[in-house]
Amino acid sequence: MKWRQRAVRIWAYTSLLLIVAIIVFMFAYIFAIGSKSISWQFLTDVPRGGIIGSAGGILPAIVGSLYFTLVACALGAVLGIATAIYLVFYCKSRRVAALMQTAIQGVAGVPSIVLGLFGYTLLVLRMGLGKSILAGGIAQGIMILPFIEVRAEKVMREFPSDLINASYALGVSKLHTIGKIVLPGCKGGLVSGIILGGCYAVGATAPLIFTGAVINSPVPTTMLEPAMALPYHLFMLLTQGTSTENAYGTAFVLMAIVLVSNGLAIFYANRRSKLWK
Amino acid sequence: MHTSLDKIVSRIIKLLAAITALLLVFITLFIARESIPAFKQIGVADFVFGSKWYPVAFVGEPSYGIFNMIVATLYVSAIAVAIALVVGVGAAVFLSCQANQRQRNLLYPFIDLLAGIPSVVYGFVGLMVIVKCFENLGRSAGESVLAGGILLSIMILPFMISACSETMLKHREAYEKTSSALGVSKWYMVTELILPASRKSILVSMALAIGRAMGETMAVMMVIGNSTKFPTLLGKAQTIPALIALEMGMVEVNSLHYHALYAAGLVLMLLLFAINAIIMSVKQKVLE
């Protein structure tokens, strides 16, 4: 039966090598070709050209994506962290907790395009927000809410119970314990979760197509106007055959955001564990 | 001293938690309500099993049948999960049984990068690499179900790996001492003990991955060709999310076409729910 073990071993090594190769390839490919299109002018100019986007830059898309993501992170973080606090510190019934966790997993399972549909009819049409940063951001916020909640809950459950019990024993109220001991202690983990959620939101196009992203618009000034978004801009450049060169440049910016936000998330997550030890 | 503030803040926390808990019900009911007119006018059977999607008819009656799209969605996802299962479980074995703690600390965040890459970028690379590759191999158009499946398999890998390797690590910790005390080799332990014990978590990771795969919109839409014909492995097809993404922007609000797209979204959600239920019941059987 020796051959079976050898086969499993080869299988494990090849699989991992394959994945590492794919990841290196994806980043190297985009960075190598995309770097040729990147210039200060590309990052700070508005899209220009006979067909919009064939020349000029992507500044409105960068700013638009930032606004969408900020709205999404604000909504996702407030709801996600509040729910995590409720589940960890307030909820006494196991059945209620299990039910809520199922509901949250259910939201995570809703396809992002369905969230787009939901946002379109409820926020854009019924509530009269119109195609706007606010509507798109809310749709994205619902998408990243479970992501942030799961991480927040994990961080809070791993928080040393000695510290919490010591605080209770000193007669400190629950709210004060959470606000002064748990939240500051979990800050790194919470921030890291929000950053990763934001990274996920930056790349999401499906919830934005009908709720807030447009092909061309100036740099947005209020939350109630539609805006350009990086992934949607990339999609349009490709499907309309506008400019492959600028598409590579836009993909470069998106991949750089992925790298930076993942780096930041790791940095914050590590800071948390140092605080305890 | 803080009692009144305590009460207010704890009420706010409970309110926000309640909103989160009710979100799923609200979204589902909302989507269902918007799809009712479509089911009423088209008929559930004609809508789900009809194979003609001509929402705008130039000649004759418009026809709304999403059967081909349902099959395409399942087809692409099945290919993706099959590939990701092979590669993902293999990588999970490596991470949990071969790598040491330092290597794991490096490799986990590295693999998580895959989950952070925007789906449009996946679609872009898929278009430039996988589709081009098919075309160089002599096919006139590289956009196909297979191209979509391969691309999707990469996208769902991180979910598969993290779900599998976590339990495998626990199994390894449980078996390691006994195995080495009995003089059994590490790879014997992996093959005969850890892999069979991990069947349950592999099934759970499949459920997670298939959910991701079926709901993916942009990447698949960019490499699958978007034709509403019946899908074949090397032919063009269209998935339900792609159908919604492509057509929702052009329809008149409250038209039959609009409601039909909602109904397609509802069918997608119900499909996901059914597949999850099936996998969970299989999981129960494996447990026994």
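Which chain is which? The protein sequence lines are A and B, in order. Residues in the first sequence are numbered from 1 upward in steps of one, following this note's numbering. Residues in the second sequence are numbered from 1 upward in steps of one, following this note's numbering. Beta carbons: idealized from backbone N, C-alpha and C, even for Gly. Values in this document were obtained by computation on a predicted structure and should not be read as measured data.
In terms of CA proximity to Ile-31 (chain B), B:Ile-244 leads the group B:Val-282, B:Met-250, B:Ile-244, B:Ala-277. Around the Cβ of Phe-230 (chain B), a 10 Å sphere holds fewer than 16 other Cβ atoms; the residue is exposed. Using a Cβ distance threshold of 7 Å, Met-228 (chain A) and Ser-217 (chain A) count as a contacting pair. Under the three-state reduction of DSSP output, Pro-60 (chain A) falls in the helix class. For Ser-261 (chain A), the secondary structure class from DSSP, reduced to helix, strand or coil, is helix. The secondary-structure analysis by DSSP pairs Ala-201 (chain A) with nothing; it has no beta-bridge partner. By the neighbour-count criterion, in which 16 or more other beta carbons inside 10 Å mark a residue as buried, Trp-40 (chain A) falls on the exposed side. Against chain B, the CB of Phe-147 (chain A) has no partner CB under 7 Å away; the residue lies outside that interface. For the region 169–189 of chain B, the set of positions with a beta-carbon nearer than 8 Å to some beta-carbon of chain A reads Ser-185, Trp-187, Tyr-188 in chain order. Judged by pairs of C-beta atoms under 8 Å, the region 234–252 of chain B touches the region 214–221 of chain B, as three or more such pairs exist. Among the residues of chain A, those whose CB is under 7 Å from the CB of Phe-30 (chain B) are Phe-118, Leu-122, following chain order. One finds Ile-209, Phe-210 in chain A with Cβ atoms closer than 8 Å to the Cβ of Gly-249 (chain B), taken in chain order. In this structure Tyr-168 (chain A) is exposed. Its beta-carbon is surrounded by fewer than 16 other beta-carbon atoms within 10 angstroms.
Within the region 260–274 of chain B, contact with chain A at the beta-carbon level (separation under 9 Å) is assigned to Leu-261, Tyr-262, Gly-265, Leu-266, Leu-268, Met-269, Leu-272, Phe-273. A direct Cα-to-Cα measurement between Met-250 (chain B) and Val-25 (chain B) gives close to 28 Å. Taking C-beta atoms under 8 Å as the contact rule, Ile-144 (chain A) and Gly-76 (chain A) qualify, at a distance of about 4 Å. Ala-84 (chain A) and Ala-139 (chain A) have their C-alpha atoms some 20 Å from each other.
Against chain A, the beta carbon of Phe-124 (chain B) has neighbours under 7 Å at Leu-234, Leu-238, Ala-247, Ala-251, listed in chain order.
Listed along the chain, the chain A residues whose CB falls inside 8 Å of the CB of Met-218 (chain B) are Thr-205, Ala-206, Pro-231, Phe-235.
If only complete runs of 4 or more residues are kept, the region 84–156 of chain B shows the alpha helix (DSSP H) at 101–116, 119–125, 132–136, in order along the chain. Contacts between Ile-278 (chain B) and chain A, judged by CB atoms closer than 9 Å, are missing: the closest CB pair is about 14 Å apart. The beta carbon of Pro-111 (chain A) sits closer than 7 Å to some beta carbon of chain B.
The C-beta separation of Arg-172 (chain B) from Cys-97 (chain B) comes to about 6 Å, placing the pair in contact by the 8 Å criterion.
In this chain, Ala-213 (chain A) is not harboured by any alpha helix (DSSP H), its DSSP state being neither H nor E. With a threshold of 7 Å between beta carbons, Leu-256 (chain B) makes no contact with chain A. Distances from the CA of Pro-226 (chain A) to each of A:Ala-166, A:Ala-135, A:Leu-259 were compared; the closest alpha carbon is that of A:Ala-135. Residue state for Ser-63 (chain B) is assigned as strand, using DSSP reduced to three classes. In the structure shown, the three-state DSSP call for Ala-227 (chain A) is strand. Here the region 110–128 of chain B lies against the region 24–39 of chain A, with 3 or more beta-carbon pairs under 8 Å apart. At least one CB atom of chain A sits nearer than 7 Å to the CB of Phe-94 (chain B). At the C-beta level, Phe-67 (chain B) and Ser-51 (chain B) come within 7 Å of one another.
Contact of Val-87 (chain B) with chain A is assigned, a C-beta pair being separated by under 7 Å. In the three-state reduction of the DSSP assignment, Pro-47 (chain A) falls in the strand class. In the three-state reduction of the DSSP assignment, Gly-188 (chain A) falls in the helix class. About 6 Å separates the CB atoms of Thr-211 (chain A) and Tyr-120 (chain A); that is less than 8 Å, so the two are in contact. Three or more Cβ pairs closer than 8 Å define a contact, and the region 159–178 of chain B meets that threshold against the region 88–97 of chain B.
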